[in-house]
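If you're matching them up, the sequences are chains A and B in order. Residue 692 in this note's numbering sits at position 15 of the first sequence, and the numbers go up by one each step. Residue 80 in this note's numbering sits at position 63 of the second sequence, and the numbers go up by one each step. The next block holds one structure in the form of structure tokens; read it before the comments.
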Amino acid sequence: MPVTSVRRSVIPGFRVTMAFTLAYLAIIVLIPLVGLPLRTGSMGWSAFWRTVTDPRVIASYRVTLTTSFVAACVNGVFGLLAAWVLVRYSFPGRRIVDAFIDLPFALPTAVAGITLTTLYAPNGWIGRPLAELGIPVAFTPTGITVALIFIGLPFVIRTLQPVIESLNLELEEAAASLGASRWQVIRRVILPYLYPAWLTGFALAFARSIGEYGSVVFISGNMPMRTEISSFLIITKLEQYDYSGATAIAVVMLSISFILLLVINALQGWSSRRVAA
Amino acid sequence: MRQMVRAVTAAVMLLAMAGQAAAQVQLLNASYDPTRELYQQYNAAFAKYWKVKTGKDVTVRQSHAGSGASARSVIDGLEADVVTLALAYDIDAIAQTGLLAPDWQKRLPQNSSPYTSTIVFLVRKGNPKGIKDWPDLIKPGLSVITPSPKTSGGARWNYLAAWGYALRQKGGSDASARDFVARLLKNVPVLDSGARAATTTFVQRGIGDVLIAWENEAYLAVAEAKGNVQIVVPSLSILAEPPVAVVDKVATKKGTKAVAEAYLQYLYSPEGQEIVARNHYRPRDASVAAKYSTSFANVKLFTIDELFSGWAKAQKTHFADGGTFDQLYKPGS
Numbered sequence: 678m679p680v681t682s683v684r685r686s687v688i689p690g691f692r693v694t695m696a697f698t699l700a701y702l703a704i705i706v707l708i709p710l711v712g713l714p715l716r717t718g719s720m721g722w723s724a725f726w727r728t729v730t731d732p733r734v735i736a737s738y739r740v741t742l743t744t745s746f747v748a749a750c751v752n753g754v755f756g757l758l759a760a761w762v763l764v765r766y767s768f769p770g771r772r773i774v775d776a777f778i779d780l781p782f783a784l785p786t787a788v789a790g791i792t793l794t795t796l797y798a799p800n801g802w803i804g805r806p807l808a809e810l811g812i813p814v815a816f817t818p819t820g821i822t823v824a825l826i827f828i829g830l831p832f833v834i835r836t837l838q839p840v841i842e843s844l845n846l847e848l849e850e851a852a853a854s855l856g857a858s859r860w861q862v863i864r865r866v867i868l869p870y871l872y873p874a875w876l877t878g879f880a881l882a883f884a885r886s887i888g889e890y891g892s893v894v895f896i897s898g899n900m901p902m903r904t905e906i907s908s909f910l911i912i913t914k915l916e917q918y919d920y921s922g923a924t925a926i927a928v929v930m931l932s933i934s935f936i937l938l939l940v941i942n943a944l945q946g947w948s949s950r951r952v953a954a
Numbered sequence: 018m019r020q021m022v023r024a025v026t027a028a029v030m031l032l033a034m035a036g037q038a039a040a041q042v043q044l045l046n047a048s049y050d051p052t053r054e055l056y057q058q059y060n061a062a063f064a065k066y067w068k069v070k071t072g073k074d075v076t077v078r079q080s081h082a083g084s085g086a087s088a089r090s091v092i093d094g095l096e097a098d099v100v101t102l103a104l105a106y107d108i109d110a111i112a113q114t115g116l117l118a119p120d121w122q123k124r125l126p127q128n129s130s131p132y133t134s135t136i137v138f139l140v141r142k143g144n145p146k147g148i149k150d151w152p153d154l155i156k157p158g159l160s161v162i163t164p165s166p167k168t169s170g171g172a173r174w175n176y177l178a179a180w181g182y183a184l185r186q187k188g189g190s191d192a193s194a195r196d197f198v199a200r201l202l203k204n205v206p207v208l209d210s211g212a213r214a215a216t217t218t219f220v221q222r223g224i225g226d227v228l229i230a231w232e233n234e235a236y237l238a239v240a241e242a243k244g245n246v247q248i249v250v251p252s253l254s255i256l257a258e259p260p261v262a263v264v265d266k267v268a269t270k271k272g273t274k275a276v277a278e279a280y281l282q283y284l285y286s287p288e289g290q291e292i293v294a295r296n297h298y299r300p301r302d303a304s305v306a307a308k309y310s311t312s313f314a315n316v317k318l319f320t321i322d323e324l325f326s327g328w329a330k331a332q333k334t335h336f337a338d339g340g341t342f343d344q345l346y347k348p349g350s
């Protein structure tokens, strides 16, 4: 049972570490987050409601959530593929490719945004051929999605890599020797084992995208109702010294993210229990 | 032994630095983005002037951000002795917190604006679309670049310049001005978050036929783009007055009030005005203006007080939530 194992843990210092963890979380995460709704407290319920249900703000939720979702899905598919290739195959330059994965973490987001805009603008290296095919990227929701794919890429790969490394090759061999086809091995043996980590990576990429500002404002074009993301609207409120309006939108975004993360965590718990069973 | 020598040297150096710091006055100037080059030159000139006048050293540090973002940092506790921002509205917002007197704009000559600028057009080399004045900007099919007035101070001047132009035409009214600006905005494919970003969109990305910009930004862009773009001056534009002010409470607390005031007053001196003009801001001083008359096109200008009864009102009518800009982007309008 987990309770007894905690009490009889061979590692001492449970109380100290627990107290430290709680205090740390409170200072770093909880207090700033509690401060948010407190700041909106000054505006009253009807003003809050009017702010967060304004058609333009609603449109920004739609833009933010759909682009974030699509970006997280793309990263989910290609992140799985990339993680698999990086762990299972050895090829020249693998370590270098592996090191490249983390660059979106390290690059200032504004730099990423400007670079991507240069590439995908109608006169850019990638943007020009695409524009000739009738697919404009920069200054459209597609452009926002591209920026979000870029910044979300490491999340899926980095959460999947250790899990793929720990995959027991014998399991696959056993399945194959019992007559499973390759597709069956992937679907029935490997994927169920990867689901929890995969979902975590997806959730992290998704959550990161929802709050992204720096890399998106340059490529989005910020056209009202079409390519305005919620973070941009928060900045526009701040420009008018409307702190409570800005925090109102932030509270809504935060609630949406929190609910999504809860749902994904629940899904993850469910799928890892299923694997264990 | 060697370690001891090292430690002593370090200690002596530290003491020397501390001593120097005590004899040196430091000012922090919170400004907006396009003034970077201007104040770099001006700060050096002022330090020289102050040394000659009082024998004391002064170093001025700069902090640059969008005008509104700079104002917010000062409100939130950035200890800037002076603010030099893009619009009076942003300094008004600081004044509302009590950091400086509400009548700050009357304390220095000419609305506390030692230099002015205006709004001009930047077009492609040779002006292929033949853009000469504001009405050319609302022609169907033309593509106009201007940043979002919700986040950019410069874009607010652009918007008001267009509005004011329409208002000043024969039979001009609020309704006709609104219609003019609506048609202009229909030609805008991208609303960047700041003036520099819009310049980049126009010059580097090659998007748009015309950029509406600060005159000083336009000059910088022409120099940057090596002749690929050129300036077109409209028949009528707005007089942009970027104001400056001492942040009383901060300066009093740091004991820098006298030098902070001298710092701003020196901007009005012939030397200060010279630096201003060299950086493509329009000088106030008549003799300096005469000297640089060839660099600044003669354009009829209206002020924000004449046509919009000041910044507070303009902000509320046009740029606040639900203002004319938002109305023009309402779905179905």
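We put the beta carbon where it would ideally sit given N, CA and C, even for glycine.
Excluding five sequence positions before and after residue 799 of chain A, the CB atoms of its chain that fall closer than 8 Å to its own CB belong to 805, 808, 813 and 815, given in chain order.
Between residue 212 of chain B and residue 198 of chain B, the gap from beta carbon to beta carbon reaches 7 Å or more. For a Cβ distance threshold of 7 Å, residue set 206 and 207 of chain B lies close to residue 816 of chain A, ordered along the chain.
Under the DSSP definition of a beta bridge, residue 138 of chain B partners with B:229 and B:249. Listed along chain A is no residue with a C-beta nearer than 9 Å to that of residue 53 of chain B; the closest approach is about 17 Å.
Rounded to whole angstroms, the gap between the alpha carbons of residue 741 of chain A and residue 887 of chain A is 6 Å. Here DSSP, grouped into helix, strand and coil, assigns residue 81 of chain B to strand. For residue 330 of chain B, no chain A residue has a C-beta closer than 8 Å to its own C-beta; the minimum C-beta separation is roughly 14 Å. What residue 110 of chain B touches in chain A, judged by beta-carbon distance under 8 Å, is 918, going in chain order. Cβ-Cβ distances below 8 Å link residue 792 of chain A to nothing in the same chain once the five nearest sequence neighbours on each side are left out. Judged by DSSP in its simplified three-state form, residue 873 of chain A adopts helix. Under DSSP, the beta-bridge partners assigned to residue 47 of chain B are B:80 and B:100. Residue 254 of chain B sits in a strand when the DSSP states are folded into three classes. If you compare the alpha carbons of A:950, A:922, A:912 and A:948 with that of residue 727 of chain A, the shortest gap goes to A:922. Looking at the backbone, the Cα of residue 55 of chain B and that of residue 261 of chain B are separated by about 14 Å. Non-local C-beta neighbours of residue 797 of chain A in its own chain, meaning closer than 8 Å and more than five positions away in sequence, comprise 803, 804, 807, 814, 815, 820, 823 and 896, ordered along the chain.
One finds 798 and 799 in chain A with Cβ atoms closer than 7 Å to the Cβ of residue 224 of chain B, taken in chain order. For the set B:240, B:221, B:175 and B:333, the Cα lying nearest the Cα of residue 253 of chain B is the one of B:175. The C-beta of residue 229 of chain B has 16 or more other C-beta atoms within 10 Å across all chains shown, which makes the residue buried. Distance from the Cα of residue 137 of chain B is smallest, within the candidate group B:145, B:182, B:115 and B:45, for B:182. For residue 814 of chain A, no beta strand (DSSP E) segment is defined, and its DSSP state is neither H nor E. Secondary structure note for residue 317 of chain B: its beta strand (DSSP E) is the uninterrupted segment 317-319.
In terms of beta-carbon proximity, residue 929 of chain A stays away from the interface with chain B, with every pair separated by 7 Å or more. Proximity of residue 912 of chain A to chain B, defined by a Cβ-Cβ separation below 7 Å, is satisfied. Think of a sphere of 7 Å around the beta carbon of residue 901 of chain A: the chain B residues whose beta carbon falls inside it are 346, in chain order. By the CB criterion at 7 Å, residue 92 of chain B and residue 111 of chain B fall inside the cutoff.
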